[in-house]
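Remarks on the structure that follows.
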Amino acid sequence: MPYQMDVWTDGACRGNGQPGAVAGAGAWFSKPVDGSRGWWRALPRYPIPTNQRAELTGVVLALELATKRRAQLDNDPFFILAIHTDSQYAIDCLSNWV
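Following this line, the structure appears as structure tokens:
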């Protein structure tokens, strides 16, 4: 039987692309990963954060945690992961520009 998980991602940046910019990303899972459904990550100060980097960081965070969750499952089921994002840039990166 397949194991399906949905995850919603987002990223944001204050001061987009400017020195001193601050950015973060988050992922919300339909099923808990290590006891939590919500996860976030701050972006480093270098390279200078941008909104697009933050959006992609949210997707990367989702993939990392989904991979971790899959490794915890018994009997290696067929794993279905649906990533939901409002970022057309992230969608294009994963589907058109790969």
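Counted the way the UniProt record's numbering counts, the sequence shown spans residues 1 to 98.
C-beta atoms are modelled at their ideal positions from N, C-alpha and C, and glycine is treated no differently.
Just so you know, these numbers come straight off a predicted model, no measurement behind them.
- Boundaries of the beta strand (DSSP E) harbouring Ala27: Val22 to Val33, taken from the DSSP string.
- In the structure shown, the three-state DSSP call for Ile48 is coil.
- In this model, Tyr3 and Phe79 are separated by some 5 Å (Cα to Cα).
- With respect to Glu55, Ala90 sits close: the two C-beta atoms are nearer than 8 Å.
- Taking the Cβ atoms as the reference, Ser36 lies roughly 14 Å from Met5, outside the contact range of under 8 Å.
- Ranking Val7, Trp8, Asp92 and Gly15 by CA distance to the CA of Pro49 puts Gly15 first.
- C-alpha of His84 to C-alpha of Gly26: approximately 12 Å in a straight line.
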